[in-house]
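Under my numbering, the first residue of the sequence shown is numbered 88, with each subsequent residue one higher.
Note that beta-carbon positions come from the ideal geometry of N, C-alpha and C, so glycine has one too.
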Amino acid sequence: MPRGGNWLVHFSQNRRCSTISTVVKGWSAAALQSKEAAVEVCFPAASIFPPMDTYIPPMKLVHDKYVTRRFVFNASKIAALKTKAASSMVQQLTRVEAVTALVWKCMMNMSRQIKGYPRLTMLSHSVDLRKKIVPPLPENSIGNMVGMFFPVETTEKDIHVAGLVCKLRKAKREFAENGLRIISVEKRTWQKMCVIDDLVDRDDIDFCTYTSWCRFQLYEVDLGWGKPVWASLPNIMLKNLVVLMDTKDGEGVEVLVTLSKQEMAVFESDQQLLAFAAINPTVSNP
Numbered sequence: 088m089p090r091g092g093n094w095l096v097h098f099s100q101n102r103r104c105s106t107i108s109t110v111v112k113g114w115s116a117a118a119l120q121s122k123e124a125a126v127e128v129c130f131p132a133a134s135i136f137p138p139m140d141t142y143i144p145p146m147k148l149v150h151d152k153y154v155t156r157r158f159v160f161n162a163s164k165i166a167a168l169k170t171k172a173a174s175s176m177v178q179q180l181t182r183v184e185a186v187t188a189l190v191w192k193c194m195m196n197m198s199r200q201i202k203g204y205p206r207l208t209m210l211s212h213s214v215d216l217r218k219k220i221v222p223p224l225p226e227n228s229i230g231n232m233v234g235m236f237f238p239v240e241t242t243e244k245d246i247h248v249a250g251l252v253c254k255l256r257k258a259k260r261e262f263a264e265n266g267l268r269i270i271s272v273e274k275r276t277w278q279k280m281c282v283i284d285d286l287v288d289r290d291d292i293d294f295c296t297y298t299s300w301c302r303f304q305l306y307e308v309d310l311g312w313g314k315p316v317w318a319s320l321p322n323i324m325l326k327n328l329v330v331l332m333d334t335k336d337g338e339g340v341e342v343l344v345t346l347s348k349q350e351m352a353v354f355e356s357d358q359q360l361l362a363f364a365a366i367n368p369t370v371s372n373p
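Printed below as a string of structure tokens:
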């Protein structure tokens with residue numbers, strides 16, 4: 088942890104960082120009295136997704152039995168991982184795809200070691216809808232405009248990271264073709280949230296929720312004290328959640344994983360993971 092300086096804490100239970108980053112960047116522009124950096128926000132969510140008379144259960148928070156660990160992939164490790172995860176089906180993959188696939192693979196390893204047999208595994212990954220719906224929305228749109236795609240579940244014992252990348256890419260393609268229509272036309276986003284809550288609590292499947300906060304420029308925010316040395320999240324009280332964030336140089340990925348204490352003890356000792364990630368390295372303060 089960096090010593091000294093100021094700490095800014097913002098609490099949110101939103102799985103995406105889009106609105107948070109817009110608010111903080113606007114706050115930064117106001118603090119610096121910068122007209123050039125001023126953020127002009129808009130609120131189109133209610134017109135696109137009108138409020139529904141539907142009950143959405145509250146998030147189920149976890150406390151004592153779950154822990155959050157931080158794993159950092161630097162730029163050179165990301166490059167090596169992308170090479171390992173590439174295949175004839177997916178040659179140009181993103182760092183988020185590569186890291187997501189490796190974490191997914193290590194989750195499968197962990198489950199098999201604890202349970203003694205390969206279990207059905209599935210994940211959801213959040214998608215910012217602003218640039219994907221037609222017509223696209225401004226970047227500074229405020230609201231929970233989030234979709235989710237679900238890679239095909241698998242029980243394959245010996246599936247490689249490259250194979251999981253292919254499943255991720257296929258799920259994203261199917262979301263673009265089908266899921267986006269469901270959200271844009273039929274406006275059934277809330278149903279996806281209910282599906283996730285049900286999957287997390289099922290005993291016959293290993294389910295994990297992933298979200299990427301990468302490329303939201305949190306390290307560019309200046310509230311008058313200079314840009315942050317470190318932008319991260321405190322302990323996350325949502326079980327089976329994986330959050331991907333930028334490292335300060337914008338080239339690496341910081342991953343926050345929340346699991347039960349028993350699961351984490353196995354997960355954080357996986358040699359496939361440790362070949363690419365450092366566990367909670369010291370944050371340097373230049």
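| Asked | Found |
| --- | --- |
| For residue 311, is the classification buried or exposed, using 16 other Cβ atoms within 10 angstroms of its Cβ as the cut-off for buried? | exposed |
| Can you list, in chain order, the residues of its chain with a C-beta nearer than 6 Å to that of residue 185? Leave out the 5 residues immediately preceding and following it. | 168, 169, 172 |
| Counting pairs of beta carbons, one from the segment 353–360 and one from the segment 317–333, are three or more of them closer than 8 Å? | no |
| What three-state label does DSSP hand residue 320 in the structure shown? | coil |
| From the DSSP output, in three-state form, read off residue 295 for me. | strand |
| Excluding sequence positions up to five away, which residues of its chain have a Cβ less than 8 Å from the Cβ of residue 193? | 354, 357, 359, 360 |
| Where does residue 246 sit, in a helix, a strand or coil, going by DSSP? | coil |
| How big is the Cα-Cα spacing for residue 182 and residue 165? | 6 Å |
| Taking the C-alpha atoms as reference points, what is the distance between residue 204 and residue 198? | 8 Å |
| So, is residue 343 buried or exposed, given that buried needs 16 or more other C-beta atoms within 10 angstroms? | buried |
| By DSSP's criteria, residue 209 is part of a beta bridge. Which residues make up the other side? | 294 |
| Using the Cα positions of residue 292 and residue 196, report the straight-line distance between them to the nearest angstrom. | 14 Å |
| Output needed for residue 159: all residues of its chain with C-beta closer than 6 Å, excluding positions within five of it in sequence on either side, in chain order. | 341, 365, 368 |
| Taking the continuous beta strand (DSSP E) assigned at residue 369, which residues delimit it? | No beta strand (DSSP E) contains residue 369, which DSSP labels as neither H nor E. |
| Could you give the DSSP three-state label for residue 175: helix, strand or coil? | coil |
| Using 10 angstroms around the beta-carbon of residue 207, count the other beta-carbons present and answer buried if the total reaches 16, otherwise exposed. | exposed |
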